[in-house]
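Chemist: In my numbering, the protein residues as written are 100 to 639.
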Ligand SMILES: CC(=O)/C=C/C=C(C)/C=C/C1=C(C)CCCC1(C)C
Ligand SMILES: CC(/C=C/C=O)=C\C=C\C=O
Ligand SMILES: [Fe+2]
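1) What is the residue span of the alpha helix (DSSP H) that residue 471 lies within?
2) Helix or strand or just coil, what does DSSP make of residue 393?
3) Put residue 123 into one of helix, strand or coil per three-state DSSP.
4) Within 8 Å, do at least three Cβ pairs link the region 591-611 to the region 548-557?
5) Would you mind giving the Cβ-Cβ distance between residue 182 and residue 576, rounded to the nearest angstrom? I have them listed as a contact below 8 Å.
6) Around the Cβ of residue 216, are there at least 16 other Cβ atoms within 10 angstroms (buried) or fewer (exposed)?
7) Determine the direct distance from the alpha carbon of residue 352 to that of residue 434, and round the result to whole angstroms.
8) Looking only at C-alpha atoms, which of 304, 389, 442 sits nearest to residue 221?
9) To which residues of the same chain is residue 462 closer than 6 Å at the C-beta, ignoring the five residues directly before and after it?
10) Any heavy atom of ligand 2 inside 7 Å of the beta-carbon of residue 656?
11) How long is the line joining the alpha carbons of residue 520 and residue 513, rounded to whole angstroms?
12) Among 238, 424, 518, which one has its Cα closest to the Cα of residue 546?
13) In terms of residues, what are the limits of the alpha helix (DSSP H) holding residue 233?
14) Going by DSSP, name the residue or residues bridged to residue 301.
15) Leaving out five residues on either side along the sequence, give the residues of the same chain with a beta carbon under 8 Å from the beta carbon of residue 158.
16) Indicate the three-state DSSP secondary structure (helix, strand or coil) for residue 588 in the structure shown.
17) Using a threshold of 8 Å, state whether the C-beta atoms of residue 414 and residue 372 are closer than that.
18) Going by beta-carbon coordinates alone, are residue 208 and residue 594 separated by less than 8 Å?
19) Between the Cα of residue 605 and those of 153, 154, 169, spot the shortest distance and give me the residue it belongs to.
20) Would you list the one or two residues that DSSP bridges to residue 341?
21) Out of 290, 313, 278, 291, state which residue places its alpha-carbon closest to the alpha-carbon of residue 298.
22) Under the rule that 16 or more other beta-carbon atoms within 10 Å means buried, what is residue 636, buried or exposed?
23) Okay, do the region 390-407 and the region 415-425 touch, 3+ Cβ pairs below 8 Å being the bar?
24) Name, in chain order, the residues that DSSP records as bridge partners for residue 207.
25) Quick one: does the C-beta of residue 392 sit closer than 7 Å to a heavy atom of ligand 1?
26) Specify whether the region 581-597 and the region 230-245 touch according to this definition: at least 3 beta carbon pairs, one from each stretch, less than 8 Å apart.
27) Can you tell me which of the three DSSP states residue 417 falls into?
28) Using the rule of at least 16 other Cβ atoms within 10 Å of the residue's Cβ for burial, across every protein chain shown, is residue 508 buried or exposed?
29) According to DSSP, is residue 479 part of a helix, a strand, or is it coil?
30) Could you tell me the distance, in whole angstroms, from the CA atom of residue 427 to the CA atom of residue 503?
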C-alpha cells in the first residue's frame with residue numbers, strides 16, 4: 100500500500116524497518132527483522148501492567164511469526180484449511196498504552212490444518228494507521244477511543260473537516276475477517292477505508308479494498324453478511340439519520356444501493372456493529388445507543404465513547420425486502436444493547452406466507468456499561484469480583500402484519516451460559532434460515548470477561564459449556580465437516596489465551612462440545628475478535 104493518504108495529524112516519513120521485540124522459542128520459521136524502533140511492550144504511561152496481568156491483554160510481542168504447532172489430542176483428518184482470526188493485538192506505542200480493547204492495531208492469527216497437523220502464524224496488518232504510528236511513535240488517526248494528540252494547529256473547524264472528509268479516521272482493520280465468494284480475504288472494521296485485502300497464506304497486507312461505486316459513506320457495519328454469491332452491509336447516514344442497505348456481488352468491488360431506512364428516533368442513527376438477514380429480507384436494527392457527532396470530536400472519551408444513550412428516542416427494528424428495497428415492517432421494541440446479531444429467519448403460516456421475522460442477538464440487557472467494561476484497565480485488573488454485566492440471547496419477533504410493536508425476550512434461561520454471552524458463530528449453511536445451535540463465549544462467575552465457550556441449543560433451551568480455569572477464549576468459530584447433514588456436525592475452533600501465558604487453538608467437537616485437540620503456540624497470544632475459515636483449494 101502506498102502511504103499516500105496522509106493523516107492530517109502526522110506528516111508521513113518513509114516507513115521505519117519492521118518492529119520486532121522478541122524472538123519466541125522455538126526459532127520461528129520467518130526470522131524477525133531487528134527492530135528499528137521497538138514500540139511494543141515498553142513500560143507505559145497508562146494502563147500499566149501489574150505482574151499478575153493476564154496475557155490476553157498484553158500487546159503481541161513481535162511483528163510476525165510462523166511455525167509448526169505442538170499438538171495435544173488428534174485433529175480430524177477432514178479439517179483441511181485455514182482458520183483466520185483478526186483482533187486488536189497491539190495496544191502500546193512506546194511507553195504509551197491505549198485505553199480500550201478496540202483501539203489496538205490489528206493482529207491477524209492463522210492456524211492451517213492439514214493431514215492432522217497444524218501450522219500457526221501471526222502478523223500485524225499494515226494499515227496506514229499502523230504504519231504511521233510505527234513511523235512516528237504516536238497515534239496519527241482517530242481510533243475507537245484514541246485520538247491524535249492536538250499537536251497540530253488544526254482549529255475545531257479544521258478537525259470537523261478532517262472528520263467529515265474521513266481523512267482523520269483510522270483504517271486499522273482490527274475487527275473481522277471474511278472470505279468473499281470470489282476467494283479474496285478481507286479484514287474489516289467500522290470505517291469503510293479500513294477494508295483491507297490480505298493473503299491468507301502469508302498474511303501479507305495486499306492493499307486497500309477499493310469500492311469502485313459512487314455510494315460514498317465513511318462508516319459501515321463491521322460485520323457484513325457474506326455468502327458465496329454476495330455481500331450485504333449497512334451504511335449509516337449521520338447527517339440525515341438513516342441507513343443505506345447495500346449489496347455487492349462476489350467477484351466485484353461495486354456495492355449497489357438496495358434501499359434506505361429512515362431512522363424513527365434521533366438525533367442520530369443507532370450504532371450498527373452488525374445486523375442479520377433472512378432469505379428474503381434484511382433486518383435493520385435501530386438501537387438507542389446512537390452515534391454522537393459531538394463525541395466524535397472530543398479529545399477525551401466519554402463512558403460511551405463515540406456514542407450516546409437515548410432511551411427516550413425509542414428502539415426499533417426495520418425489515419427491508421431484499422428484492423424491492425421496500426421497508427415492509429418497522430416496529431418499536433423494548434430497549435436493547437447489542438454488538439452482535441446471531442442470525443434471523445422467516446416464520447411462515449400454513450400457506451407458506453411469511454408472517455414474522457425472528458432475529459437473535461447477544462443482548463446486554465439494555466445496559467451500555469459493557470462498552471466501558473472493555474477498557475483495558477478493567478480487563479487487566481481482575482480482582483476475582485463478578486463485574487461482567489449480564490447478557491442473554493435476545494430474541495426479537497417482528498410481525499409483518501403492520502403491527503406497531505415487536506417482541507424481545509430471552510431465547511433461553513441466561514443461567515444456562517452464566518448470564519454472559521457474546522462473540523457468536525453458527526453453521527454458515529443456516530444464515531438467514533431456521534437454526535438450532537449457536538456457539539459463543541459465556542461466563543463462569545465470578546469473572547470480569549467471558550471466560551467459557553458455550554454451545555446453545557435454541558430448541559431444547561439448554562447450553563453445553565467448556566471452561567478451563569484462568570483461560571480467556573475467543574469466539575468459538577464453527578467449521579462444518581465437508582458433506583455434513585446435521586447442523587452441528589463439525590468443530591468449533593477458539594484461540595485461547597491461558598493463565599500461564601501460553602496460547603493454543605482449541606478444537607472442540609461441535610456435537611458433544613468436548614475437546615478433540617489443542618494446537619499450542621510457543622508464545623503468548625493476546626485476545627482477539629472475529630474469525631473465518633478458508634477451505635483448502637484442491638490445487639493448493
Ligand atoms: C474492534 C471493534 O469491534 C470496533 C472498532 C470500532 C471502531 C474502530 C470505530 C471507529 C469509529 C471512528 C474512528 C469514528 C467514527 C465512529 C466509529 C465508527 C465509532
Ligand atoms: C468482546 C465483546 C464483548 C464481550 C462481552 O461480553 C465484544 C466485541 C465486540 C466487537 O467485535
Ligand atoms: Fe464484532
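Every residue, glycine too, gets a C-beta built ideally from N, C-alpha and C.
Modeler: Quick look at the numbers:
1) 468-472
2) helix
3) Bear in mind that the predicted position of residue 123 carries a pLDDT of just 42, short of 50, making it unreliable; the figure below should be weighed with that in mind. In this structure, residue 123 counts as coil in the three-state DSSP scheme.
4) yes
5) 7 Å
6) exposed
7) 36 Å
8) 304
9) 435, 437, 491, 493
10) Past the boundaries of the shown model lies residue 656; the chain is included only from 100 to 639, so the question cannot be answered.
11) 8 Å
12) 518
13) 227-235
14) Paired residues: none, contrary to the question.
15) 139, 140, 188, 189, 190, 191, 203, 625
16) coil
17) no
18) yes
19) 169
20) 336, 361
21) 278
22) exposed
23) no
24) 222
25) no
26) no
27) strand
28) exposed
29) helix
30) 12 Å
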